[in-house]
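Novice: Under the numbering used here, the sequence shown has 167 at position 90, and the numbering climbs by one with no breaks.
Glycine residues also receive a C-beta, built at the ideal position from the N, C-alpha and C atoms.
What you are looking at is a predicted structure, and each value in this text was computed from that prediction instead of being measured.
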Amino acid sequence: MSKTIGSIKKFDDGIRLVTVNEEGDAAAISINDSTFIDRFTDFIDWFSKSGEELNTFMEDVEKNHTEEDGNINLDVIAKTARKRVELCKKARDKIDELFGEGICKKVFGVDVPDEVCIMEFVEAMIPFINDAFKERGQHIDQKYSRNRKGARSRQRTKAELIEAYGNGAEV
Numbered sequence: 078m079s080k081t082i083g084s085i086k087k088f089d090d091g092i093r094l095v096t097v098n099e100e101g102d103a104a105a106i107s108i109n110d111s112t113f114i115d116r117f118t119d120f121i122d123w124f125s126k127s128g129e130e131l132n133t134f135m136e137d138v139e140k141n142h143t144e145e146d147g148n149i150n151l152d153v154i155a156k157t158a159r160k161r162v163e164l165c166k167k168a169r170d171k172i173d174e175l176f177g178e179g180i181c182k183k184v185f186g187v188d189v190p191d192e193v194c195i196m197e198f199v200e201a202m203i204p205f206i207n208d209a210f211k212e213r214g215q216h217i218d219q220k221y222s223r224n225r226k227g228a229r230s231r232q233r234t235k236a237e238l239i240e241a242y243g244n245g246a247e248v
């Protein structure tokens with residue numbers, strides 16, 4: 078039979094919520110997740126590079142597949158649209174991993190938002206992410222500051238210890 082010798086108070090789960098629609102749905106920012114910032118910045122880098130690749134692809138299609146009458150073949154338009162949708166689906170999945178399952182559907186009301194919506198959402202989240210992690214930094218500074226009550230004071234030198242002992246002070 079086990080015996081309970083104490084209990085730990087509930088820890089802050091580190092989840093900070095940002096309301097994203099009128100229904101009250103929220104995106105979650107986890108300040109306890111040490112990988113969050115890296116994953117967020119990796120997403121921005123990936124999305125930017127992918128967008129550039131998509132633009133290059135679309136320019137190439139326009140340049141090389143425009144017919145004599147100035148129109149582009151319907152098959153080529155469909156191929157371009159599929160590539161764009163593929164990019165947006167990957168972005169949606171990455172955003173859902175960062176901020177919570179189904180967040181894109183809650184924010185945009187569609188299964189696959191376009192790249193403009195995605196970038197607007199990401200840009201809108203940056204101030205909230207900054208605030209959440211600033212709070213985390215302040216908490217850590219407060220908890221582990223040298224100036225907090227009970228913090229270790231400066232180590233005294235050997236000479237200071239000898240002098241204090243010689244004066245009858247507590248060492």
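Rounded C-beta distance between F120 and K171? I'm assuming under 8 Å.
Specialist: Right, their Cβ atoms sit about 5 Å apart.
Novice: Just the C-alpha distance for M78 and K86, rounded to the nearest angstrom, thanks.
Specialist: One C-alpha to the other measures close to 23 Å.
Novice: Contact check, E192 vs L175 under 8 Å by CB: the rounded distance?
Specialist: Not a contact, Cβ separation roughly 16 Å.
Novice: Taking only heavy atoms of the ligand ZN into account, decide whether any of them is closer than 7 Å to the Cβ of K171.
Specialist: Inclusion of the ligand ZN in the displayed structure is not the case, the ligand content being empty and no account of it being possible.
Novice: Cα separation between G177 and H216?
Specialist: Rounded to the nearest angstrom, the two C-alpha atoms are 24 Å apart.
Novice: In three-state terms, what does DSSP make of V97?
Specialist: If DSSP states are grouped into helix, strand and coil, V97 belongs with coil.
Novice: Looking only at C-alpha atoms, which of N132, F185, F88 and A158 sits nearest to E99?
Specialist: Minimum Cα distance to E99 is reached at F185.
Novice: Pick helix, strand or coil for S79, following the three-state DSSP scheme.
Specialist: Coil at S79, not helix or strand.
Novice: Closest by CA to D89, which one among G128, R213 and Y242?
Specialist: Closest by alpha carbon: R213.
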